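Trainee: Residue numbers (our numbering): 124 to 273.
Even glycine gets a Cβ: it sits at the ideal position worked out from N, Cα and C.
Since the structure is predicted, the reported quantities are computational estimates derived from the model, not experimental observations.
Below is a structure I'd like to ask you about.
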Ligand SMILES: [Zn+2]
Ligand SMILES: [Zn+2]
């Protein structure tokens with residue numbers, strides 16, 4: 124269990140759902156960070172864009188309230204998990220990509236360094252911040268790799 128180690132080599136990021144009944148940790152550094160504009164993320168999060176931090180599944184643990192976490196998969200690509208008490212989001216597993224998204228909003232202390240926007244084709248809120256705007260996702264994650272204008 125890599126909580127903060129004695130030598131401090133593993134950094135552990137702590138997050139919780141809206142009410143605090145569910146807690147999760149993510150260890151070391153995320154594989155990617157950025158913003159997702161896809162319709163599913165917008166609908167699920169009730170916001171115009173979702174800030175994501177993606178981790179190897181092994182790096183993520185639900186450390187409190189695991190029995191109180193609901194799970195819903197609209198498609199096999201995304202298994203979305205939330206707290207049954209408050210409805211607050213905890214994480215989304217992406218088995219096809221082999222990555223787990225711990226929404227940046229539930230990791231308040233992480234140094235969020237977005238690298239790109241994904242599914243910009245579905246955007247309802249253009250964000251001209253100079254970061255790459257991918258039509259869907261990068262090639263290495265099974266996408267087209269196509270970049271769009273801001
Ligand atoms: Zn909760
Ligand atoms: Zn999305």
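Identify the residues that DSSP records as bridge partners of residue 149: which are they?
Mentor: Answer by DSSP bridge pairing, in chain order: 136, 183.
Trainee: Can you tell me whether residue 195 is buried or exposed? The criterion is at least 16 other CB atoms within 10 Å of its CB, across all chains shown.
Mentor: Result: exposed.
Trainee: Could you please go through the chain and list the residues whose beta-carbon is closer than 5 Å to any non-hydrogen atom of ligand 2?
Mentor: Qualifying residues come out as 159, 161, 164.
Trainee: Which residue marks the beginning of the beta strand (DSSP E) containing residue 159, and which one marks its end?
Mentor: Looking at the DSSP string, the run of the beta strand (DSSP E) that includes residue 159 is 155 to 159.
Trainee: Starting from residue 195, follow its DSSP beta bridges and name the residues at the other end.
Mentor: Per DSSP, 203.
Trainee: Is the region 251 to 263 touching the region 174 to 191 in the sense that three or more CB pairs, one from each, lie closer than 8 Å?
Mentor: Judged by Cβ distances under 8 Å, the region 174 to 191 makes no contact with the region 251 to 263, as fewer than three pairs qualify.
Trainee: Can you list, in chain order, every residue whose CB sits closer than 6 Å to a heavy atom of ligand 1?
Mentor: This selection yields 140, 141, 142, 144, 145, 206, 208, 209, 211.
Trainee: So, using beta-carbon positions, are residue 186 and residue 201 closer together than 8 Å?
Mentor: Not a contact, by the Cβ cut-off of 8 Å.
Trainee: Starting from residue 239 and walking both ways along the beta strand (DSSP E), at which residues does that stretch end?
Mentor: Residue 239 -> beta strand (DSSP E) spans 239 to 241.
Trainee: Determine the direct distance from the alpha carbon of residue 269 to that of residue 246, and round the result to whole angstroms.
Mentor: Computed Cα separation, rounded: 15 Å.
Trainee: Which residues does DSSP list as the beta-bridge partners of residue 224?
Mentor: Bridge partners of residue 224: 177, 215.
Trainee: By how many angstroms is the C-alpha of residue 160 removed from the C-alpha of residue 267?
Mentor: C-alpha separation (whole angstroms): 16 Å.
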